[in-house]
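Since the structure comes first, as C-alpha cells, the remarks are kept for the end.
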Amino acid sequence: MSILAVIFDMDGVLIDSEPVYLYHDWEQLRGRYPWVTPESLYPTVGMASQDYPRFMARLCRRDNDVAFAEELSQIGAACQVFYPDILRPQVRPLLARLRAMGLQIALASSSALVNIRRVLTECELTEAFDVVVSGEAFTRSKPDPEIYQYTMAQLGRTPAECLIVEDSTYGVQAGAAAGGVVAALRDDRFPFDQSAARFHLEQLADIPQLLAELE
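When the letters of the sequence shown are read in order and numbered with my numbering, they come out as residues 51 to 265.
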C-alpha cells in the first residue's frame, strides 16, 4: 500500500477545540435549559454546522426558528478562542515532515468555511494545505462520505492512496465509507466509536511511522 496524500479533519485533530466549544455551549445554555448537560452535548462533537441547529432545537425543546437561530448565533459569537492556543503542538512539525516526504496534504472539515479560514489564518497555516474543503458545501454531512470523496477527487487520488486522520464517530465513519485508510486519533474524554478505523493513533507524531509501515 502506498499512501500519497494525507487528509486531516480539523476540530479535535489539528486543534483541540471540541472541549472548548462544548463547555462554552453548556455554560451559556444551562441557566435557560437546566436539563442540558455536557454529556447531552457530546453528539455535537464532529457534527456538521448545518446539522447543529436542528439538534440543539430538539435538545433545548425549542422550535428551530429564527429566534432560536439568533440565540445560537449569540452563543457562538460569545465564544472567544485564540486558535494558536489550542493548536496541537505536533501539527507544525508534522505538516513540514509530510511535505518533505512529498505527500499531498488536505483539510476536510465539517466546520463552516469562514471558521476554517480563521483557524488557518490565526495559526499561520494557510499555505500548509493543497486542498481545503468545508462540509457546508455539501447537502449530506459526515458520516456520509461525500466530503471525503470530493476531497480525494480534488487531490486526484484513489481512496487507497489517502490516509484520513479523524477522531469523532461521524468523521471516522465518513472516512471509512469513502474507502480511505482511516487512522483515528484517540481521545478518552469523549465516547467516540472509532471501530471503523483501520488504525489508531495515540498522538499525531505517530503518523510518519504509520506511513513507513504502510509502504
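Glycine included, C-beta positions come from ideal geometry on N, C-alpha and C. This structure is a prediction, so every number in the text was calculated from the model and none was measured.
Rounded separation between residue i and residue j - CA only
i           : j           : result
residue 104 : residue 162 : 16 angstroms
residue 228 : residue 208 : 10 angstroms
residue 64  : residue 173 : 10 angstroms
residue 116 : residue 133 : 29 angstroms
residue 58  : residue 210 : 15 angstroms
residue 137 : residue 118 : 31 angstroms
residue 224 : residue 245 : 12 angstroms
residue 252 : residue 232 : 14 angstroms
residue 82  : residue 111 : 11 angstroms
residue 236 : residue 142 : 19 angstroms
residue 144 : residue 175 : 12 angstroms
Exposure of residue i, with buried meaning 16 or more beta-carbon neighbours within 10 Å
i           : result
residue 73  : exposed
residue 216 : buried
residue 41  : Since the first residue shown for the chain is 51 and the last is 265, residue 41 is missing from the structure and cannot be characterised.
residue 60  : buried
residue 68  : buried
residue 52  : exposed
residue 243 : exposed
residue 164 : exposed
residue 158 : buried
Backbone secondary structure at residue i - three-state DSSP
i           : result
residue 226 : helix
residue 65  : strand
residue 157 : strand
residue 179 : coil
residue 166 : helix
residue 242 : coil
residue 188 : coil
residue 247 : coil
residue 233 : strand
residue 106 : helix
residue 98  : coil
residue 256 : helix
residue 200 : helix
residue 92  : helix
residue 263 : helix
residue 81  : coil
Span of the alpha helix (DSSP H) around residue i
i           : result
residue 119 : 116–127
residue 136 : Unbroken run through residue 136: none, as it is neither H nor E.
residue 212 : Run containing residue 212: none in the alpha helix (DSSP H); it sits in the beta strand (DSSP E), 212–216.
residue 54  : Run containing residue 54: none; DSSP gives neither H nor E here.
Decide if the segment 88–103 is in contact with the segment 128–135; the criterion is three or more beta carbon pairs, one per stretch, under 8 angstroms apart.
As far as the Cβ criterion goes, the segment 88–103 does not touch the segment 128–135, which means the pair count is below three.
Quick check: the segment 188–197 against the segment 81–95, are there 3 or more CB pairs under 8 angstroms?
No: fewer than three Cβ pairs fall under 8 angstroms.
Contact between the segment 146–157 and the segment 198–214 is defined here as three or more beta-carbon pairs at a separation below 8 angstroms; is this criterion met?
With a cut-off of 8 angstroms, the segment 198–214 and the segment 146–157 count as touching, because enough Cβ pairs lie within range.
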